[in-house]
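Structure record follows, encoded as structure tokens.
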Amino acid sequence: MLEHAIPEPSKTDASRRFPPEFGNHVLDSFTNVMYFHMFMSKETASTAALYATSTGIMSSTHGVSHQDRARLALMLQARYRGELPPREVAFREALRSTLTPEDVWWAQYLGRVGYLITCLYPAGKIDTTKPRVLFSAEWSDRLGKSEDKPGLVLTISLQKKKKDRAHYKEALKDNLKVVEKAGKKKNWAGKKKKKKAWGMKVRVRVVREGILEMSEDEEDL
1 MLEHAIPEPS KTDASRRFPP EFGNHVLDSF TNVMYFHMFM SKETASTAAL YATSTGIMSS
61 THGVSHQDRA RLALMLQARY RGELPPREVA FREALRSTLT PEDVWWAQYL GRVGYLITCL
121 YPAGKIDTTK PRVLFSAEWS DRLGKSEDKP GLVLTISLQK KKKDRAHYKE ALKDNLKVVE
181 KAGKKKNWAG KKKKKKAWGM KVRVRVVREG ILEMSEDEED L
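Quick note: the sequence shown uses UniProt numbering, first residue 1, plus one each step.
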């Protein structure tokens, strides 16, 4: 699901593409551990996640570059979004300084998407053969209040069902703005005072579709 929250490279604008430095191994590592700290308090989990690749659960992994460790740590911290103590804020800034502003922004966007996934699937069990929720993403030039800002649109497709026993709609209603806030200028990466911050607008839209062909009995499950 995480990879589907990333737009394909634009065919008309070479600058619109997901940073190639984020390899599949980074995304896979994130999805494998994004549930690990969820039983801690928000603040404790956020701090523990930030240190996961340096002194935490993934610190002993060999062959991982400092930049990949930084990307993963920032993604995990953004997934929990807890307030950090001053020392940890300084450590996060040190991690950010090893990456480009573009990488830093994408790390926090993907961390927020990871948070949304854990809200939709709190047990971490996703049946890929019968998906109830699908993500897709595309570039847009019609975002913002004036609909003239560039950015990306994340579309969440929900399977049409008579009864929402998994409470997907409730989970989305409460947490869509977490992802959209990645596009707020205060969350852009880089030197904001010098107007060199990197980021883009983010819109999340939800649609109901017939993802699966289902019988009436299956629709009630």
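Beta carbons: idealized from backbone N, C-alpha and C, even for Gly.
> Does DSSP classify Ile156 as helix, strand or coil?
Replying inline: Taken through DSSP and simplified to helix, strand or coil, Ile156 comes out as strand.
> Residue ranges of each alpha helix (DSSP H) run of no fewer than 4 residues wholly in the stretch 100 to 139, ordered along the chain?
Replying inline: Considered as a whole, the stretch 100 to 139 harbours 101 to 120 as its complete alpha helix (DSSP H) runs of no fewer than 4 residues, in chain order.
> In the DSSP assignment, what are the bridge partners of Lys201?
Replying inline: Within the DSSP bridge table, the entry for Lys201 names Gly151 as partners.
>> Can you check which of these residues, Asn175, Ile57, Arg17, is closest to Arg205 by C-alpha distance?
In response: If we check each option's Cα against that of Arg205, Asn175 comes out closest.
> Among Ser41, Phe39, Asp68, Ala48, which residue has its Cα nearest to the Cα of Leu27?
Replying inline: Of the listed residues, the one whose Cα sits closest to Leu27 is Asp68.
> Of the choices Ala94, Leu158, Gly82, Tyr115, whose alpha-carbon is the least far from that of Glu180?
Replying inline: Relative to Glu180, the option among Ala94, Leu158, Gly82, Tyr115 whose CA is nearest is Tyr115.
> Do the CB positions of Phe30 and Leu72 come within less than 7 Å of each other?
Replying inline: Judged by beta-carbon spacing, Leu72 lies within the 7 Å limit of Phe30, meaning their Cβ atoms are closer than that value.
>> Rounded to whole angstroms, what is the Cα-Cα separation between Thr100 and Ser15?
In response: Looking at the two C-alpha atoms, the distance is approximately 14 Å.
> Cβ of Val113 within 7 Å of Cβ of Ala5?
Replying inline: Yes, they are a contact pair.
> Does the beta-carbon distance from Ala189 to Val104 come in below 7 Å?
Replying inline: Cβ distance < 7 Å, so Ala189 and Val104 count as in contact.
> Does the beta-carbon of Thr128 have 16 or more other beta-carbons within 10 angstroms, so that it is buried, or is it exposed?
Replying inline: The residue in question, Thr128, is exposed, as its Cβ has fewer than 16 Cβ neighbours within 10 Å.
>> Judging by CA-CA distance, which residue of Pro131, His66, Glu147 is the nearest neighbour of Arg208?
In response: Of Pro131, His66, Glu147, the residue nearest in Cα terms is Pro131.
>> Can you determine whether any heavy atom of the ligand ADP sits closer than 6 Å to the C-beta of Ala73, and answer yes or no?
In response: You won't find the ligand ADP in this model; it holds no ligand whatsoever.
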